[in-house]
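Colleague:
Number of protein chains: 4
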Amino acid sequence: MSNATEEVAQDQLRSFVERIERLEEEKKTISDDIKDVYAEAKGTGFDIKVLRKVISLRKQDANERQEQEAILDLYLQALGMMN
Amino acid sequence: MSNATEEVAQDQLRSFVERIERLEEEKKTISDDIKDVYAEAKGTGFDIKVLRKVISLRKQDANERQEQEAILDLYLQALGMMN
Amino acid sequence: MSNATEEVAQDQLRSFVERIERLEEEKKTISDDIKDVYAEAKGTGFDIKVLRKVISLRKQDANERQEQEAILDLYLQALGMMN
Amino acid sequence: MSNATEEVAQDQLRSFVERIERLEEEKKTISDDIKDVYAEAKGTGFDIKVLRKVISLRKQDANERQEQEAILDLYLQALGMMN
DNA sequence: TAGGGCTACTTCCATC
DNA sequence: GATGGAAGTAGCCCTA
């Protein structure tokens, strides 16, 4: 490989690394923002764990959720933990 | 709880949920962007797995510097050499 | 500190480190065993996620469980996600 | 599903749950033992925080050796020097 | 489907 | 004794 070609490859690599690291920083910022919102909600008296559950339920497809609950009921019944 | 109070709580909850969901969307966008950059790098001939490793090593180096300082502080404290 | 005293301290430290590392190995073995059981259950057709949920529910105090569910219901109602 | 089949499933589920719960008890015992050792070390005059750090550094060193080999393999592969 | 990285939960320690 | 913060652990998801 010629020096010129090597240099091009190096510059490209450098560029990719920088772009990725930049994006990962942004991602971290957002993650921190989310954490802040949860903290704020907690300060207002909401239960973080339950709030997380709400978010996750809304993300889940409604059908899938019902199915999960149905399976859970089934297992609990099998264990005699439900009336 | 009065109806008015309940309504306030509902509005707050709704607001928190919306803010979180908005931020998670943004986060997903960034994640997708990162994926795109890796794909582009692959198209240019770079090995994604190695590229990931490079990124992770650079992150580790940064962390490790902080870590080293933390250890030093810890030992100095343990030896009663810090206030 | 005399050499003898230092040596005692070193031996003690060494001993503590060894005892802890030994215990942590045992702990890891158990963790792996647990993972194996889940894998086996999966192979028999059980849904791991639900199985985990069952285990965790059984661990929770019954009262606490009801309370958590009550809070969740409350939130879901507030968001109009129930009936 | 026939009653007999259901019963088999129930027995299996029960068995899995019991095995997991048993193992988690053992795991908790070990965790408590570890806590005891730290407490004992503290009683002998050692700084728990520093002790934890020592343990974690020793673990890291071990991991890092493996990591270094993994990186080497990765690079060799990327350069087409491994099959 | 297995492995690794990321995220989240829990636990522990220190402070008030 | 409680609360907040940090660290270690475990679960989930995504990629290969």
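Residue numbers (full-length UniProt numbering), protein chains in the order written: chain C, 1 to 83; chain G, 1 to 83; chain P, 1 to 83; chain Y, 1 to 83.
For glycine and all other residues, C-beta sits at the position ideal for the given N, C-alpha and C.
#1: Could you tell me which chain C residues have their CB closer than 7 angstroms to the CB of Y:GLN10, listed as they occur along the chain?
#2: Give a yes or no on whether 9 angstroms exceeds the smallest Cβ distance from Y:LEU51 to chain C.
#3: From which residue to which residue does the alpha helix (DSSP H) around C:PHE16 run?
#4: Does the CB of C:TYR38 have a neighbour CB from chain P at under 9 angstroms?
#5: Please compile the residues from chain C whose C-beta is within a distance smaller than 7 angstroms of the C-beta of P:ILE48.
#6: Looking only at its own chain, which residues have a Cβ that is under 7 angstroms from the Cβ of P:ARG65, when we skip the five neighbours before and after it?
#7: Under 9 angstroms between C-beta atoms, does G:LEU23 make it to chain C?
#8: Give the residues of chain G in contact with C:THR44, contact being defined as C-beta atoms less than 7 angstroms apart.
#9: Does the separation of the CB atoms of P:LYS27 and Y:SER31 fall below 9 angstroms?
#10: To the nearest angstrom, how far is it from the Cα of Y:GLU80 to the Cα of G:LYS59?
#11: What does the alpha-carbon distance come out to for the pair G:ASN83 and Y:VAL50?
#12: Taking only beta-carbon atoms, is G:ILE20 less than 9 angstroms away from chain Y?
#13: Taking the continuous alpha helix (DSSP H) assigned at Y:GLN68, which residues delimit it?
#14: What does the alpha-carbon distance come out to for the pair P:GLU67 and P:GLN10?
#15: Apart from the five residues on each side of it in sequence, which residues of its chain come closer than 8 angstroms, Cβ to Cβ, to C:ALA41?
#16: Is P:ARG65 close to chain Y, meaning its C-beta is less than 9 angstroms from at least one C-beta of that chain?
Modeller: Let's see:
#1: In the fourth sequence, counting from the first residue as 1, residue 10 of chain Y sits at position 10. In chain order: ALA78.
#2: Here residue 51 of chain Y refers to the residue found at position 51 when the fourth sequence is read from its first residue. So, not an interface residue.
#3: As a first step, residue 16 of chain C must be located in the first sequence, where it is residue number 16. Counting along the chain, the alpha helix (DSSP H) containing C:PHE16 begins and ends at 3 to 43.
#4: Within the first sequence, the letter at position 38 stands for residue 38 of chain C. Not an interface residue.
#5: By 1-based counting over the third sequence, the position of residue 48 of chain P is 48. Under the 7 angstroms cutoff, chain C gives no residues; its nearest Cβ is about 11 angstroms from P:ILE48.
#6: On the third sequence, residue 65 of chain P is found 65 positions in, with the first residue counted as 1. Taken in chain order, the residues that qualify are LEU57.
#7: Counted from its first residue, the second sequence places residue 23 of chain G at position 23. Output row for G:LEU23: interface = yes.
#8: Numbered from its first residue, the first sequence carries residue 44 of chain C at position 44. Residues of chain G passing the Cβ test: GLN12.
#9: Against the third sequence, residue 27 of chain P aligns to sequence position 27. Against the fourth sequence, residue 31 of chain Y aligns to sequence position 31. Yes. Within cutoff.
#10: Here residue 80 of chain Y refers to the residue found at position 80 of the fourth sequence. Here residue 59 of chain G refers to the residue found at position 59 of the second sequence. For the record, residue 80 of chain Y in the displayed sequence is Gly; it is not Glu. Their backbone Cα atoms lie some 26 angstroms apart in a straight line.
#11: Counting from one through the second sequence, the residue named residue 83 of chain G turns up at place 83. Counting from one through the fourth sequence, the residue named residue 50 of chain Y turns up at place 50. Because G:ASN83 carries a pLDDT of 49, less than 50, the predicted location of this residue cannot be relied on, and the following value inherits that uncertainty. Taking the straight line joining both Cα atoms gives about 17 angstroms.
#12: Here residue 20 of chain G refers to the residue found at position 20 when the second sequence is read from its first residue. So, not an interface residue.
#13: To locate residue 68 of chain Y, count along the fourth sequence from 1; it is residue 68. Run containing Y:GLN68: 48 to 78, per the alpha helix (DSSP H) assignment.
#14: Working through the third sequence from its first residue, we reach residue 67 of chain P at position 67. Working through the third sequence from its first residue, we reach residue 10 of chain P at position 10. The alpha-carbon atoms of P:GLU67 and P:GLN10 are separated by roughly 51 angstroms.
#15: Sequence index remark: in the first sequence, residue 41 of chain C carries index 41 (1-based). Within the same chain, C:ALA41 has close Cβ partners ILE48, LEU51.
#16: The sequence position of residue 65 of chain P within the third sequence is 65, counting from 1. It does not: the Cβ of P:ARG65 has no partner Cβ on chain Y nearer than 9 angstroms.
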